[in-house]
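Note that numbering that gives the first Met the number 0 has the sequence shown beginning at 0, numbered continuously upward. Quick reminder that beta carbons are idealized off the backbone N, C-alpha and C, glycines included. Read through the structure below, which is laid out as structure tokens, and then see the notes.
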Amino acid sequence: MMYGPTGAGKSYNMFGSSKQPGIVYRSLRDILGDGIEENDENNEKISVGTFVQVTVLVDI
């Protein structure tokens with residue numbers, strides 16, 4: 000959650016622009032990876048998978 004006066008840059012810090020991604024996009028890139036696979040010394044491809052689950056609890 001972001002808090003501050005109108006025009007302070009809250010949305011820009013969270014989402015950024017096409018040239019400078021914000022916190023949300025940088026975090027997702029770090030969590031999910033950038034899609035680049037690397038080769039080790041035996042020329043075997045190494046990739047990493049990540050699972051993210053978001054649960055929302057609502058009182059009824």
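Just to confirm my understanding: we take residue i, look at its own chain, exclude 5 residues before and 5 after, and list those with CB closer than 7 Å. What are they?
| i | result |
| --- | --- |
| residue 22 | 12, 13 |
Just the Cα atoms here: how many angstroms apart are residue i and residue j?
| i | j | result |
| --- | --- | --- |
| residue 26 | residue 4 | 24 Å |
| residue 57 | residue 17 | 34 Å |
| residue 10 | residue 41 | 45 Å |
| residue 20 | residue 8 | 13 Å |
| residue 43 | residue 6 | 50 Å |
Comparing alpha-carbon positions, which option in the options lies nearest residue i?
| i | options | result |
| --- | --- | --- |
| residue 52 | 43, 30, 20, 7 | 30 |
| residue 49 | 28, 7, 10 | 28 |
Quick one: measure Cβ to Cβ for residue i and residue j, integer angstroms, because I've assumed they're closer than 8 Å.
| i | j | result |
| --- | --- | --- |
| residue 15 | residue 24 | 6 Å |
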